[in-house]
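Novice: Protein chains in written order, with our numbering: chain P, 634 to 1164; chain G, 126 to 383.
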Amino acid sequence: MNISLNLFRIAGLAALTVAASPIAFGQGAEPNILLNPPPDTWPSYHGDYSGRRHTPLTQITPQNAGQLGLAWVFQTGQTLQLKSTPVVMNGVMYFSVPNNVWAVDVRSGHQIWHYTYPPNKGSRIGNRGVSMWKDWLYFMSPDGHLVCLNANDGTMKWNVEVADYQKGYWTSMSPLIVGNHVLVGVSGDFDNLQGFLRSVDPETGKKQWEWDSTPPPGTPNATTGGMTWMTGTYDPKLNLIYWGTGNPTPVLEGKTRPGPDHYTCSIVALNPDNGKLAWAFQPSPHDTHDWDAVETPVLVDGDFHGHPHKMLMQTSRNGYFFVLDRTNGKSLLTVPFGPVNWAGGIDENGEPIPNPEKEPAPDGRLIAPDEGGLTNYRSPSFDQKTGLFIVSAHPSYAIYFAKPADGTFGWAGADYGVWGKGVLEAIDYQTGKLRWTHQLGPGGSSAGVLTTDSGVTFTGDAFGNFLALRTSDGKTLWHAGTGGHMDTSPISFELDGRQYVVSGSGTAMFAWALPRAETEQTVAAGTQSAE
Amino acid sequence: MIPKSAYVFSLIVLFACFAFPQSSKPTPQNFSAALIQSGQTLFQQDCAFCHGRDAGGGETGPDLTRSKLVSEDVKGEKIGAVVRNGRPDAGMPRFSLTDDQIAGLVAFIHNQKTIAESQKGGRRGVDVADLQTGNVEAGKTYFNGAGKCSTCHSPLGDLAGVASRYQGLKLEERMLYPRNAKSKLTVTLPSGQTVTGELAYQDEFTVALRDQDGRYRSWPASSVKFTVNAPAEAHAELLSKYTDEDVHNLMAYIQTLR
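What follows is the structure, encoded as C-alpha cells:
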C-alpha cells in the first residue's frame, strides 16, 4: 500500500479523535504552545519568545536545498506590500497587510477567510502581522485600533482604540502575547507625540497597564517620541519582556530636547505583569538621525568569553552590534558592524557617545549609516551551533540637514541617502567580527533572515531572489526569483511530514518545500523507525 | 522660488512637447478643492511616511515640492507614471490606483508645491544658499589632490558647465554619488567571443547588457566570464574618506564650473 495514503488514513482517524475530544486537540495558541512551539506551528511573530528566528527543523539541508521548489503561492490581490510575518497554527496560516487579514490553508494555499477593516484615514505604511492567543487573533489598524478576531471565521469580537490617529499616531506592529497580556505598541514620527507600550486584556480589550517611554508633549526640555512599533521578546524565567524604542522627536533637531532623551532609542526590560521598568540601555543617546533601536532584542543563553551568560543581542539601526547581560542590562560588547561615523567613542556603560559635529546642520553632514540604518525592522537570526548572529546589513551614507526654518516639530530637517548596498553579515557574537559576508545587491534588501538546525540560512536579496545559503560559510545553495521586493522575514514549520519555508514578496505569499517524493521518503523512514 | 534651471527646463519641455511658442509659462494647473482634499487623504495614508505629510520630504522620500519631476508635470502625466510604476531602484513601490485617485494625488502635490513656494522668508529643506560654506581653492586642491577626482574628471571636459546643468542639493548628490551612472559589461562566451555593452542587469545569478544595437542580452553568471567596469564606484569608495569640510569645499569648487 502507498505509505502516504496509509498515513492519510491515520491522519483521518486522528481527525475523528480530535472531533471527539476538542479540549485535547485543535487548540489555539495556548500559553504552553507560545512557550514551547511545536514543529507544526509558528505561533507568534518571532516564532518563539527568544527572537532568534531559528527553527529546529532539519528536513531541508545544505545537501538537498538545491531541490527546493514551490508548494504554492497566495496572491493577496492588494496594492500594499506584504510586510507581515505569518502565524501558523493547526494547519492554518494567518497574515495581513494594512486593513486586511487572511486565513489560508497551509496544505493548499487556498483562502479560508478574508477580513477587511473599515475604511479609515490612518497611515498604511505597513502591517507586521497578527498575533494569536487561544483561538483569537489580534490585529492593529492604520487608525490606531486593536481588533480581536475569531480565528475560525475572521469575525470581530471587539475593537478598542489604542492611540488617536488624529494626533498623528498609527499602528502596524504584531502584538506580543505573554500570559494573559496583549502587548501593543504605537507609531508616529510626524508629530511630537508621547511613546508608550500598553498591556491589554485578551478577553475584553481593557487596558491592564501602560509604560510611557517619554513624558507628555509640552514637558519643558524633554523629548517626545520613543515609539514602540516592533514586537519585543520575553524571558519567562526572568519574567521580563525586552522592547526596543524608537527615535526622539523632533527627529533631526535636538536643541529642544537636551540630554540623552530617555527612553528613546533604547532597549528596555519591563515586567509583563505591571509594566515596571527593570533596566534600560540606550543604543543611541540623544539621537538626531532617526535611528530607532527597535530591532529585535535577540535572547541567547550561552558562553561569553568563557562564562555562561543570559544575553541580549541587537544589531541596531545606528550601526552598532550590542551584547548585553539581560538580567541587568550591563554591556558585554559594543562594536560597529559596518561603516559608522557619528560617534566619538563608547562610554563606560557601552553606549556610543554621539559626536555633536555630526548632528544635522544647515550645510549638511555626511553620515554613515543613512536614515534607514545599517539594518532595520527585518529580522536577524541567531544560530547557536556556529555562534553566528546573521543580519541583513545596509552599509550606506547620507547627508543630513537641519536649519532654523525647519522648526522643532516632527521631522524638523531633511536627509538624503547618497549610496547604500545590501550585505548579509555573519557576526561572531563573542567578538563582533564578521566571519563571512554575502553581497545582496545595490540599494539593499529588506528581507529578514531564518536559520535552521540543519545549517541552512534563508533570506532575500535586493533583486527579489529568495536565497538558501549554507550557514557555515554563506555559500549559495539555491535561489528563486519572486518578482517582487521582499519586505518580510521567512518562517518555517513542518506539516504532514513536510518542512515548509514561507516568505512574502511583493503582494504574494510563497510557500517552498522539497518535492513530495523527497519528503515522503523522509516520512517513510520516520514511520518505519516509529514502528 | 522654483530653481531657475528647473523653470527654464520645464519651459523647454513644454515648447518641445507641445510646440506652443506663444506660451510663456507652464500650463496653469487649477484643481478643485474637493480633488485636493481627496488627494490629501490618500497622500496621508500611502505617501506621507516617506514624502512627509506636507509632501516636503520625510523618511527616505524626497521633498516633492522641490522636485524637478513635479515642476515638469502637467496634470499628472509624469507623476502618474511614477506612482503606477514605482521607482524600484530608489525603494519606491508601485501603487495600483484608479485614475481618479491619481488625479487627487496630483492635485494635492501641485497644491503643496504652490503653498511651499509662497512661503515668505527661509524655506524648509535645502536651498542653494545653504550650500555655500566651502572654500573654492581648498576644494580645487582636494579635486586635484587627495580626492583624486581629476583621475577621471576634468573641469574643461566632462564637468564643463556641470554647475549650470545642476544646482544645489541635486548637484551635491550627484557629486557624492552619481546614481544613474552607466557601467560597462564585457562578457567572454565559452567560444572565446567577447560581447561588450552597457550593463543592464547584474545579480548573483544573471548578467545582462545592452549591446551597441540596443539589444538586451543576458547570460547565467556562472557559465560565462565577465568583467564590470563601474567608474562610479570610485565615488562610493571616497565616502568613507571625506570630512564634512572636504565635501563643502569640493561643492564650492564644483559650483564654479558653470
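All C-beta atoms, glycine included, are put in the ideal place defined by N, C-alpha and C. From a predicted model like this one, the values you see are computed outputs, not experimental measurements.
To the nearest angstrom, report how far apart residue 814(P) and residue 957(P) are at their CA atoms.
Specialist: Here the question's residue 814(P) lines up with position 181 in the first sequence. Here the question's residue 957(P) lines up with position 324 in the first sequence. C-alpha of residue 814(P) to C-alpha of residue 957(P): approximately 26 Å in a straight line.
Novice: Mind checking which residues open and close the alpha helix (DSSP H) that includes residue 1094(P)?
Specialist: What you label residue 1094(P) is simply residue 461 of the first sequence in a count that begins at 1. No alpha helix (DSSP H) contains residue 1094(P), which DSSP labels as neither H nor E.
Novice: Between residue 146(G) and residue 996(P), what straight-line distance do the alpha-carbon atoms span, to the nearest angstrom?
Specialist: Walking along the second sequence from the start, residue 146(G) turns up at place 21. Walking along the first sequence from the start, residue 996(P) turns up at place 363. Bear in mind that a pLDDT of 34 at residue 146(G), under 50, signals an unreliable position, so the number given afterwards is only what the model happens to contain. Distance between the alpha carbons of residue 146(G) and residue 996(P) is about 40 Å.
Novice: Check this for me: beta carbons of residue 267(G) and residue 374(G), under 7 Å apart or not?
Specialist: Stepping through the second sequence from its first residue, residue 267(G) is reached at position 142. Stepping through the second sequence from its first residue, residue 374(G) is reached at position 249. Yes, these two residues count as a Cβ contact at 7 Å.
Novice: Determine the direct distance from the alpha carbon of residue 696(P) to that of residue 833(P), and round the result to whole angstroms.
Specialist: Within the first sequence, numbered from 1, the residue matching residue 833(P) stands at position 200. Within the first sequence, numbered from 1, the residue matching residue 696(P) stands at position 63. Cα to Cα, residue 833(P) sits roughly 46 Å from residue 696(P).
Novice: So that I know if they touch, is there some Cβ in chain P lying closer than 7 Å to that of residue 276(G)?
Specialist: Translated into the one-based positions of the second sequence, residue 276(G) becomes position 151. Not one chain P Cβ lies under 7 Å of residue 276(G).
Novice: In chain order, what residues of the stretch 350-371 of chain G put their CB closer than 8 Å to some CB of chain P?
Specialist: Within the stretch 350-371 of chain G, the residues whose Cβ lies closer than 8 Å to some Cβ of chain P are 360, 361, 364, 365, 367 and 369, listed in chain order.
Novice: Compute the Euclidean distance between the alpha carbons of residue 785(P) and residue 738(P), then round it to the nearest angstrom.
Specialist: Residue 785(P) sits at position 152 when you count from the first residue of the first sequence. Residue 738(P) sits at position 105 when you count from the first residue of the first sequence. Going by the C-alpha atoms only, they are around 12 Å apart.
Novice: Can you list, in chain order, the residues of its chain whose CB lies under 8 Å from that of residue 769(P), leaving out five sequence neighbours each side?
Specialist: Reading the first sequence from its first residue, position 136 is the one you call residue 769(P). Take residue 769(P), set aside five residues on each side of it, and the residues of its chain with a beta-carbon closer than 8 Å to its own are 661, 781, 782, 783, 784, 790 and 835, in chain order.
Novice: Alpha carbon to alpha carbon, what distance is there between residue 934(P) and residue 251(G)?
Specialist: The sequence position of residue 251(G) within the second sequence is 126, counting from 1. The sequence position of residue 934(P) within the first sequence is 301, counting from 1. Using only the alpha carbons, I get a separation of about 48 Å.
Novice: Below 9 Å between beta carbons is the criterion; list the residues of the stretch 738-769 of chain P that meet it against any residue of chain G, in chain order.
Specialist: 753, 754, 755, 756, 757, 758 and 759
Novice: Considering Cα atoms alone, identify which of 1103(P), 1114(P), 1149(P) and 1082(P) is closest to residue 1124(P).
Specialist: By one-based count along the first sequence, residue 1124(P) stands at place 491. Considering only alpha carbons, the answer is 1082(P).
Novice: Under three-state DSSP, which class holds residue 1068(P)?
Specialist: For the purposes of this step, residue 1068(P) is taken as the residue at position 435 of the first sequence. The answer is strand: DSSP assigns residue 1068(P) an E or B state.
Novice: At a CB-CB cut-off below 8 Å, which residues of chain C make contact with residue 714(P)?
Specialist: The structure shown contains no chain C; its protein chains are P and G.
Novice: Taking residue 1047(P) as the query, report the chain G residues whose CB atoms sit under 7 Å from its CB, ordered along the chain.
Specialist: Start at 1 with the first residue of the first sequence, and residue 1047(P) comes out as number 414. Under the 7 Å cutoff, chain G gives 182, 188, 250 and 251.
Novice: Examine the Cβ distances between the stretch 1018-1032 of chain P and the stretch 1057-1070 of chain P and report whether three or more of them are shorter than 8 Å.
Specialist: yes
Novice: Alpha carbon to alpha carbon, what distance is there between residue 297(G) and residue 369(G)?
Specialist: As a position in the second sequence, residue 369(G) is number 244, starting the count at 1. As a position in the second sequence, residue 297(G) is number 172, starting the count at 1. When rounded, the distance between both Cα atoms is 12 Å.
Novice: In terms of alpha-carbon separation, which member of 867(P), 758(P), 1140(P) and 714(P) lies closest to residue 904(P)?
Specialist: As a working note, residue 904(P) is residue 271 in the first sequence. It is 867(P).
Novice: 7 Å is my cut-off, CB to CB: does residue 1052(P) come that close to chain G?
Specialist: As a working note, residue 1052(P) is residue 419 in the first sequence. Closer than 7 Å: yes.
Novice: In whole angstroms, what is the alpha-carbon distance linking residue 184(G) and residue 287(G)?
Specialist: Translated into positions along the second sequence, residue 184(G) becomes position 59. Translated into positions along the second sequence, residue 287(G) becomes position 162. C-alpha separation (whole angstroms): 29 Å.
Novice: Buried or exposed, going by whether 16 or more other CB atoms sit within 10 Å of the CB of residue 727(P)?
Specialist: By 1-based counting over the first sequence, the position of residue 727(P) is 94. Buried is the call here.
Novice: Evaluate residue 339(G) with the Cβ neighbour count: other Cβ atoms within 10 Å of its Cβ, from every protein chain shown; 16 or more gives buried, anything less gives exposed.
Specialist: For the purposes of this step, residue 339(G) is taken as the residue at position 214 of the second sequence. Label assigned to residue 339(G): exposed.
Novice: So, helix, strand or coil for residue 278(G), using DSSP?
Specialist: For the purposes of this step, residue 278(G) is identified with residue 153 of the second sequence, where counting begins at 1. Of the three classes helix, strand and coil, the one that applies to residue 278(G) here is coil, per DSSP.
Novice: Distance check for residue 948(P) and residue 820(P), CA to CA, integer angstroms please.
Specialist: Within the first sequence, numbered from 1, the residue matching residue 820(P) stands at position 187. Within the first sequence, numbered from 1, the residue matching residue 948(P) stands at position 315. The straight-line gap from Cα to Cα measures roughly 21 Å.
Novice: For the stretch 875-899 of chain P, list the beta strand (DSSP E) runs that are entirely contained and at least 3 residues long, ordered along the chain.
Specialist: none
Novice: Are the C-beta atoms of residue 305(G) and some chain P residue less than 7 Å apart?
Specialist: Position 180 of the second sequence holds residue 305(G). No, because no Cβ of chain P sits closer than 7 Å to the Cβ of residue 305(G).
Novice: Considering only residues of the stretch 696-735 of chain P, which uninterrupted beta strand (DSSP E) runs meet the minimum length of 3 residues and lie entirely inside it, listed in chain order?
Specialist: Listed in chain order, the beta strand (DSSP E) elements of length 3 or more contained wholly in the stretch 696-735 of chain P are 702-708, 720-722 and 725-730.
Novice: Starting from residue 329(G), find everything on chain P with Cβ-Cβ shorter than 9 Å and list it in chain order.
Specialist: As a first step, residue 329(G) must be located in the second sequence, where it is residue number 204. Going along chain P in sequence order, the residues near residue 329(G) (Cβ under 9 Å) are 1071, 1072, 1073, 1074, 1094, 1096, 1098, 1100, 1109 and 1112.
Novice: Tell me, please, whether the stretch 1141-1150 of chain P touches the stretch 743-762 of chain P by the rule of three or more beta-carbon pairs shorter than 8 Å.
Specialist: These segments do not touch.
Novice: Apart from the five residues just before and just after residue 1105(P), which ones in its own chain have a Cβ nearer than 7 Å to its Cβ?
Specialist: As a working mapping, residue 1105(P) is identified with position 472 in the first sequence. If we look at residue 1105(P) and ignore the five residues flanking it on each side, its Cβ neighbours are 1019 and 1088.
Novice: List, in chain order, every chain P residue whose beta-carbon is nearer than 8 Å to that of residue 178(G).
Specialist: As a working note, residue 178(G) is residue 53 in the second sequence. Those are 823 and 1043, listed as they occur along chain P.
Novice: Determine the closest residue to residue 177(G) out of 823(P), 675(P) and 876(P), with distance taken between C-alpha atoms.
Specialist: Here residue 177(G) corresponds to residue number 52 of the second sequence, with the count starting at 1. If we check each option's Cα against that of residue 177(G), 823(P) comes out closest.
Novice: Report the partner residues of residue 1127(P) according to the DSSP bridge assignment.
Specialist: Within the first sequence, the letter at position 494 stands for residue 1127(P). Answer by DSSP bridge pairing, in chain order: 1132(P).
Novice: How long is the line joining the alpha carbons of residue 931(P) and residue 763(P), rounded to whole angstroms?
Specialist: Position 298 of the first sequence, counted from the start, is the residue given in the question as residue 931(P). Position 130 of the first sequence, counted from the start, is the residue given in the question as residue 763(P). Distance between the alpha carbons of residue 931(P) and residue 763(P) is about 20 Å.
Novice: Quick test of your reading: residue 1131(P) and residue 1109(P), contact by CB under 8 Å. State the CB separation rounded to the nearest angstrom.
Specialist: The count along the first sequence starts at 1 and reaches residue 1131(P) at position 498. The count along the first sequence starts at 1 and reaches residue 1109(P) at position 476. Not confirmed; about 23 Å, so no contact.
Novice: Start and end of the beta strand (DSSP E) containing residue 947(P)?
Specialist: As a position in the first sequence, residue 947(P) is number 314, starting the count at 1. Following the DSSP letters along the chain, one finds residue 947(P) inside the beta strand (DSSP E) bounded by residues 940-948.
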